[in-house]
Amino acid sequence: MKKIITGFHAIDEILRAEKLKIEKEKNRKPSLEIFYSKEGPRVKKILEAARKLNLKIEKKDNQFLDSLTKTLPEQLRDHRGIVLVTEAENQKKGMSIDEFFAKLAEKDSGFVVILDSVTDPHNTGSIIRSADQFGIDGIIVPENKSAGGFEIISKVSAGALAWVPFVEVTNLVRTVERLKKEGFWIYGADAGGKALSDLTFPKKTVLIMGSEGRGMSRLVEETCDEIVSIPTKGKLDSLNVSVAAGILLYEISRKKEV
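Sequential numbering of the sequence shown, starting at 411, is according to this note's numbering.
Encoded structure:
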């Protein structure tokens, strides 16, 4: 199965990630293809990077590119003259949970984000972008109650999905319990929690963000060691989940033990 990727940032970051993979795996054969219809400044930059990776590049008309993107969600069909095509397994959603725990075990600190029923891909993409900026070790989501849609998440995250480990699990509660056994302290975000400004955070920290409106599920909330909130002065009920996540990630990263 092929994956169709549009968006300058998303394509840029996938190519950067592919470059690193090729450097690590000397015998790796490129499985990405580039199709373009015009050579504006941004397209030229992408083509230059693609040529250095010896990718297949073909010039086609806009009608051909339109045919590639016609099955994508409407917001992704504006290809702006360039499309990246990759095998689905080459851009799978993420690593396995066992691979992720092996990666966490390589150091004595960590910061993990769990998204509990955050189903809007734009919110998920924005959170991934913030996670990349603040050096988060990975994002965990439930298999059946998440945003899905690799193409949308990749584009909205401006390609950050290529850099932030992304893990789907069948059972969030079991995953949280496993994180606890590895020494992580679990913080859930909720408006009724302790003020963020009053807390410090240990070397191994997990932040759980729930869906807008409903928040965390009851069973997931019961696994939390502490509930944390962002002090606000506004008249509205709450912040958008991606905005709240950005604030929490910044402040926890700043205050967390290293």
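Backbone N, C-alpha and C define an ideal beta-carbon position, used for all residues, glycine too. None of these values were measured; they are calculated from a predicted model.
Evaluate residue i with the Cβ neighbour count: other Cβ atoms within 10 Å of its Cβ, from every protein chain shown; 16 or more gives buried, anything less gives exposed.
i    : result
G602 : exposed
L617 : buried
F474 : exposed
N533 : buried
A654 : buried
K665 : exposed
L629 : exposed
I572 : According to the sequence displayed, residue 572 carries Ala and not Ile. Answer is buried; the Cβ neighbour count reaches 16.
A460 : buried
D547 : buried
Y660 : exposed
Opposite residue i in the DSSP bridges: which residues?
i    : result
Y446 : K469 and I492
F521 : T615
K412 : E497
P575 : Looking at the DSSP assignment, P575 forms no beta bridge with any residue, so it has no partner.
What are the boundary residues of the alpha helix (DSSP H) that includes residue i?
i    : result
E458 : P451 to K462
F544 : First-last for F544: undefined, no H or E at that position.
D508 : I507 to L514
Between which two residues does the beta strand (DSSP E) harbouring residue i extend?
i    : result
E661 : Per DSSP, E661 belongs to no beta strand (DSSP E); it is in the alpha helix (DSSP H), V651 to K665.
Whole angstroms is fine: what's the gap from residue i's alpha carbon to residue j's?
i    : j    : result
P440 : K429 : 10 Å
D530 : P552 : 13 Å
V495 : A512 : 30 Å
E468 : G535 : 29 Å
L482 : D488 : 10 Å
L609 : H419 : 36 Å
K590 : F521 : 13 Å
G621 : D526 : Note on residue identity: the sequence assigns Ser, not Gly, to residue 621. So the two alpha carbons sit approximately 6 Å from each other.
N437 : R490 : 33 Å
Counting contacts by CB-CB distance shorter than 7 Å, is residue i in contact with chain C?
i    : result
P575 : Judged by its chain identifiers, the structure shown contains no chain C, having just a single protein chain.
Handout entry: Completely contained alpha helix (DSSP H) runs for the stretch 591–649, where each covers 4 or more residues
Key = 628–631
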